[in-house]
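In full-length UniProt numbering, the protein residues as written are 1 to 200.
What follows is the structure, encoded as structure tokens:
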């Protein structure tokens, strides 16, 4: 609870003092994960999609942010940022999916419900990353706390690479309980890639 309050206070302070942070964007975009060590295999980073995490058909479902290489479906090809909330859109343009509030050591998750609206977490922003010349996604004002981690999939021996916020290699929680080994994660920046001919 105190950690969450501290993150929210940092976010409010950062918004008040930095003109390079945006909580609203007029464009649609997708996300990529850029390996901050410089080992990315292309100029934009690894494409990210909303991967499966306990989907329930014809009802509410949860998704996680995964690399396309590990979850090769892209049901929600575009995203938007509105009033600090991340939204995901189906190819038809339908919006019924929001990013949930991320916690330290937790996944960048999403909630979908065609049955009712759910209040969206308003903790996200786009930050100008001057060294890369792009906008990056931040949570609570932090754009440098993202990692990619390997998770065991539903099929034995098949892994899914997911985005985690504020990984700590010093955690006392076992990898079995976490679902991933913090020591096997690698730091990334989440870059916004404008959809089509739009400009963010």
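Note that beta-carbon positions come from the ideal geometry of N, C-alpha and C, so glycine has one too. Here the structure is a predicted model, which means the values were calculated and not measured.
Should residue i be labelled buried (16 or more other beta-carbon atoms within 10 Å of its own) or exposed?
| i | result |
| --- | --- |
| residue 65 | buried |
| residue 176 | exposed |
| residue 143 | buried |
| residue 174 | exposed |
| residue 162 | buried |
| residue 38 | exposed |
| residue 2 | With a pLDDT of 46 at residue 2, under the threshold of 50, the predicted position of this residue should be treated as unreliable, though the coordinate-derived value follows. Exposed is the call here. |
| residue 109 | buried |
| residue 78 | buried |
| residue 167 | buried |
| residue 133 | exposed |
| residue 96 | buried |
| residue 139 | buried |
| residue 125 | buried |
Verify the CB distance criterion: does residue i have a CB-CB separation below 7 Å to chain B?
| i | result |
| --- | --- |
| residue 66 | In the structure shown, chain B cannot be found, because there is only a single protein chain. |
I think residue i touches residue j, with their Cβ atoms under 8 Å apart; what is that distance to the nearest whole Å?
| i | j | result |
| --- | --- | --- |
| residue 104 | residue 165 | 6 Å |
| residue 169 | residue 191 | Going by Cβ atoms, the distance from residue 169 to residue 191 rounds to 24 Å, so no, they are not a contact pair. |
| residue 199 | residue 44 | No, residue 199 and residue 44 are not in contact; Cβ-Cβ is about 16 Å, not under 8 Å. |
| residue 88 | residue 71 | In fact, because the Cβ distance is near 14 Å, the residues do not count as touching under 8 Å. |
What residues are listed by DSSP as bridge partners for residue i?
| i | result |
| --- | --- |
| residue 81 | 86 |
| residue 149 | 162 |
| residue 68 | Bridge partners of residue 68: none, in fact. |
| residue 194 | 29 |
| residue 128 | 135 |
Can you give me the C-alpha to C-alpha distance between residue i and residue j, rounded to a whole angstrom?
| i | j | result |
| --- | --- | --- |
| residue 197 | residue 51 | 26 Å |
| residue 29 | residue 60 | 24 Å |
| residue 67 | residue 47 | 6 Å |
| residue 53 | residue 135 | 27 Å |
| residue 160 | residue 180 | 10 Å |
| residue 206 | residue 147 | No statement about residue 206 is possible, as the shown extent of the chain runs from 1 to 200 and does not include it. |
| residue 187 | residue 35 | 6 Å |
| residue 80 | residue 31 | 10 Å |
| residue 69 | residue 172 | 30 Å |
| residue 120 | residue 99 | 7 Å |
| residue 63 | residue 111 | 6 Å |
| residue 15 | residue 101 | Below a pLDDT of 50, predicted positions are generally treated as unreliable, and residue 15, at 48, falls in that range; no measurement from the model is reported. |
Taking contact to mean at least 3 C-beta pairs separated by less than 8 Å, is the stretch 79-91 in contact with the stretch 23-41? yes
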